[in-house]
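As structure tokens, the structure follows; a few thoughts come after it.
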Amino acid sequence: MKEAIALVRADAEAVLQGHLERLAPLRGQHLFITGGTGFLGTWLLELAKVLNERHQFGLQVTIFSRNTQAFAARWPHLGQEKWVTLQDGDIRYFTELPRDVRYVIHAAALTDRRVFASHPSAVAETNTVGTLRILRAATLLEDLQKVVLLSSGLVYGGQPWDLPRINEDFGGVLKCNDVNAVYPESKRLAEVIAQCAISESKLPVVTLRPFAFVGPYQSLQLPWAVTDFIRDSFRGGPIRLMGDGATVRSIMYYSDFACGVLLALAAGRPRTTYNLGSDEPVDLLTLAQKITKYFSPVPEIKLRLGQTGHDRNRLVPDTTRLATELGFKITVPLDAALQKSIEWHRLTGDWQSVPPFSHATKSQ
Amino acid sequence: MSDGKPTITVCDATLRDGSHAYSHQITLEQVKAYATAAEAAGFNFLEVGHGNGLGASSLQVGESLVPEGEMLRAAKACLKRTKLSVHVIPGFATINREIAHAMDAGVELFRVGCHCTEADITQRHIGHVRSEGREAWGVLMMSHMVSADILLEETKKMQSYGAQGIVLMDSAGAYFPADVTAKIGLLAAKLEVPVGFHAHNNLGLAVANSIAALEAGARIVDGTGRGFGAGAGNAPIELIAAVLIKQGYPTALDLYKALDAGDLAAKLFAGSLPESNGVTIVSGMTGVFSGFSKPVQRAAKQFGVDGRDIFFELGKRKVVGGQEDLILEVADQLAKRSKDAGQTPPAP
Amino acid sequence: MSAKKLGVAILGTGNIGTDLMMKVLRSPVLECRLFAGRNLSSPGMTKASLLGVPVSAKGFQSIVDLKGELSLVFDATSAMDHQKHAPVLKELGLVAIDLTPAKVGKMCVPAVNLAECLNEPNVNMITCGGQASIPLAYAIKSANPGVEYLEAVSSIASRSAGPATRINLDEYLQTTEQGLSLFGGCERTKAILNLNPAQPCVHMQTTVMAKIAQPDLERTRAAVAEMVARIKAYIPGYQLVLEPMLENGRLVAMVRVDGLGDYLPRYAGNLDIINCAAIAFAEAYARQRTAQT
């Protein structure tokens, strides 16, 4: 476990290099993070720990989530820090922010595809009402500097196959008379709710649209391509793809993700939306191959197991705005990201706690 | 004929903005004489009243010599083609009192203004004016203080309330031409109603900024005779006339009569014509309301402090139009501070 | 202990009502027996529930139902709603403190006319600008015969002006002017309200200006100082930032109001001051009742 923590610590230290000046507005500030025990929240705490211990930032962080106690017990090196305050609650009934908070990250949302299927109305409620509640509470702060809303790259509703990268001005197409639209629509509405708060109360909100990620703290129970592939590889394979593996994604390492969020918090232009993800496309077959090569024996990759045998769609962000305005650069390329993630899961033995169940991977 | 250039609506604010420059002491005779000249020149609108608009005669921003109803009636009697307009700021003017009286006096256009971030306070006033069948525009004051996208958001609110025109006021004379191009350009592209610009000359850019506004798509431009207005004054309306003619905008203006209007303003308000000085320049630099110039100079004298220091401090506190009372508080603080520092302020 | 406290209800669970609740909970003589509104999951209701305050989503009906346990009701709903509540409350024998602009009952500024309001069935808290300016106007009047004209200018943080305030600016001005006339003993009055969006949010400031034929500055300063001390007893954040002075033919005095920051932010002194005034009245009423029994 010590080695796993050291691995993350090294990544957190590395990713912050060169950004300290941009992050300086956060010095001495109280950050409030909703959904703070998820993988993003955990990584944000890792970065905050480095900023406090190595760079004397003097950050106070309050983490709001439904199960902070379990989190503190699981990761005492974060949860028991004295600059971290844990606050339990349900974002749908959020009432009040601590008075001295000047920076808020709203990451609380239901993001699990299985919940989308089983309890779509809970997704609709949590992701929209939660946003209304946190922004309403934010209007009562005396000197609010920034709210970062974590939206989703899925708000675009799909990317044309021939468009290499999607930028923030792409309008998007979603079919709303379809229960499968609940997550992207809930995120779209959350974004509009933020725009309402901007218009009515002049709240300084920055919207981020994250794409796909990999890294330590990610639960391998999540039915995403990259988590499926890593989990199945740990089990010896095979990796099963419904289609021909031509679907295109881009995957960012968590230290870069968390750093992007902090940059947006410190220096993002209020009222602005930024894509946050890797702009390096990778098709699923290549991704599976990149993962399996870290295992011995190399797990088998089975293709075209589905009805049609092919499945192609594309989701790759254009991140020019993030790069030019906030000086953001990816520090961990995909291969290193995969290697680190696999190493971490190996060190923690985390993959063993995942139920021995595997389903073939569809896109997303 | 023009090479496809649009017709520009010219608003003459001499008898309203000039009120600031004249400590609100404009007489009925001056109103009548100037209104006659504005009518002859063919300006589309003549704005009359206290510098801060209807209902603003007060100890806070200065009492008008002549009650506004009398001023409006006197002006109206001199106008035929030129329409009578007023400036209205919710928070000063109420519907039942001042707006109703102005309607009785024959006002045709109500330019309902507010600080540039507060458009929703104009909803009822714009709605009321429209429901009474008069013309209503929305005006954002101190519009240098926020970005173009906020101005768009706020003016869209006004448009949705029924505003039939939108004017950005550079109340502090703080714009540079590039700011005008960006802000007016965005509004002209995104709003359905015509967009206008009201310049102040604190940084010597009133005419240049008005030209930038026209080039960015403005269809409305404000000016005052000889620039008679708050701070270092406005864009001189006779120069606006010259610019429109020279640049080939189709216009029904009578050039000589427009030039005469400027000369008349110089004669009527001799001795009080705005000039650029240290205080007005600092007003522009600090982005503080031009109308503060006179009260700041008065307070500087009474408290024995430097008026420019008052402006810098007001700028730091991001005061908005209507907060004239803070001038005294700031002057008082500055005086106490310099006393504490052991300097004796010069005798008032 | 709590048997001696006066049973009160708060109607309206928005920001004002929630802040009032916090103040009642701190009061040695008031007990919040009911926090009533319509939405049990509103932030105010959630906070009340967490604090163990009895809540109801049955609105005004819950007050009627609980009438036996109540003596006084704070109405923080809307002017239209208070018009309906007022006659019922009167019939039930419940004292109403009206925080809306309905102006049903007697206008009350605790520093000025508390005693004469204590037997009223319904008291109106005028406006935030009124609570800040009227005591100064009253002090100026008491020190100077022949006040010809009074004016009150308030500047508040944009964010402290909610949608109801914004749409009702005209009513705010009119009501504040009526209060100034009544307490300032002068027919000609004017109120002005400025909204300032600066960040960090500006604290409420109110300036009172007067035209007086022969102002007595020394007496005015003494009267104002005494009045400020009296207000501070119930609004701790009320402070004189510009002593009465003469400038350009006008008498000027200015105060700043820092809120207590109970639920509302501290910059919202404009909202705090009206709640503090309401609590000051309710506590005085409670003490009077205890003294009588």
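Chains as they are written, first to last, in the working numbering: chain P, 1057 to 1420; chain E, 15 to 362; chain R, 5 to 297.
C-beta: ideal position from N, C-alpha, C; glycine also.
For R:K27, the closest Cβ of chain P is not nearer than 8 Å. R:R225 is outside the set of residues whose beta carbon lies under 8 Å from a beta carbon in chain E. Assigned with DSSP and collapsed to three states, E:M156 falls in coil, not helix or strand.
Under the three-state reduction of DSSP output, P:L1206 falls in the strand class. Between P:K1396 and P:L1063, the gap from beta carbon to beta carbon is short of 8 Å. If you ignore the 5 residues before and after E:T96, its C-beta comes within less than 6 Å of the C-beta of A52, E53, F57 and L60, all in its own chain and listed in chain order.
Under the three-state reduction of DSSP output, E:W151 falls in the strand class. Inter-segment contact for the segment 1318-1328 of chain P and the segment 1075-1094 of chain P is present: three or more beta-carbon pairs are separated by less than 8 Å. Annotation: P:F1088 to R:Q296 spans about 51 Å, alpha carbon to alpha carbon.
Residue pairing by DSSP leaves R:E175 without any beta bridge partner.
Counting only Cβ-Cβ distances below 8 Å, E:P81 has no contacts in chain R at all, with the closest Cβ about 13 Å away. Within chain P, the C-beta atoms nearer than 8 Å to that of E:T131 come from K1258, in chain order. The beta carbon of E:D193 does not come within 8 Å of any beta carbon belonging to chain P, so the residue lies off that interface. Interface annotation, R:S159: not in contact with chain P, CB-CB separation never under 8 Å. Close CB contacts of P:D1288 within its chain, under the 8 Å cut and outside five residues either way in sequence, are with P1294, I1295, R1296, P1355 and S1414 (chain order). Straight-line measurement puts the Cα of E:S99 at about 7 Å from the Cα of E:R125.
For the pair P:V1229 and P:G1074, the Cα-to-Cα distance works out to about 38 Å. One Cα belongs to R:G16, the other to E:F242, and the distance between them is close to 51 Å. Taking C-beta atoms as the reference points, E:V293 and E:F326 fail to come closer than 8 Å. In this structure, R:P114 sits near R:A281, with a CB-CB distance shorter than 8 Å. Scanning the segment 88-166 of chain R from its first residue to its last, the whole beta strand (DSSP E) runs of 3-plus residues come out as 99-102, 126-128 and 151-161. In the three-state reduction of the DSSP assignment, P:Q1112 falls in the coil class. Put simply, of E:E132, E:T169, E:E122 and E:Q137 the residue whose alpha carbon is nearest the alpha carbon of E:G147 is E:E122.
Looking only at E:R111, E:V160 and E:P208, the smallest Cα-Cα distance to E:G152 is reached by E:P208.
Around P:A1193, the beta-carbon contacts reaching into chain R at under 8 Å are P47. In the DSSP secondary-structure assignment, R:C36 is bridged to R:V12.
Looking at the DSSP output, E:G127 bridges to E:V153. In this structure, the CA atom of R:L275 is about 52 Å from the CA atom of E:K19.
At a cut-off of 8 Å between C-beta atoms, E:L348 does not count as an interface residue with respect to chain R. Each residue's CA atom was taken as its position, placing P:G1135 and P:E1069 some 19 Å apart. With the rule of 3 Cβ pairs closer than 8 Å, the segment 177-195 of chain E counts as touching the segment 298-316 of chain E.
The DSSP-derived three-state label of E:L205 is coil. In this structure, R:A136 sits away from R:S164, with a CB-CB distance that is not shorter than 8 Å. Among the residues of chain P, those whose CB is under 7 Å from the CB of R:P204 are E1198 and D1199, following chain order. Excluding its 5 nearest sequence neighbours in each direction, P:D1406 has C-beta neighbours in its own chain below 7 Å: L1276, listed in chain order. By the criterion of a C-beta distance shorter than 8 Å, P:R1148 is surrounded in its chain by E1181, T1182, V1185, G1186 and R1189, once the five residues flanking it on both sides are discounted.
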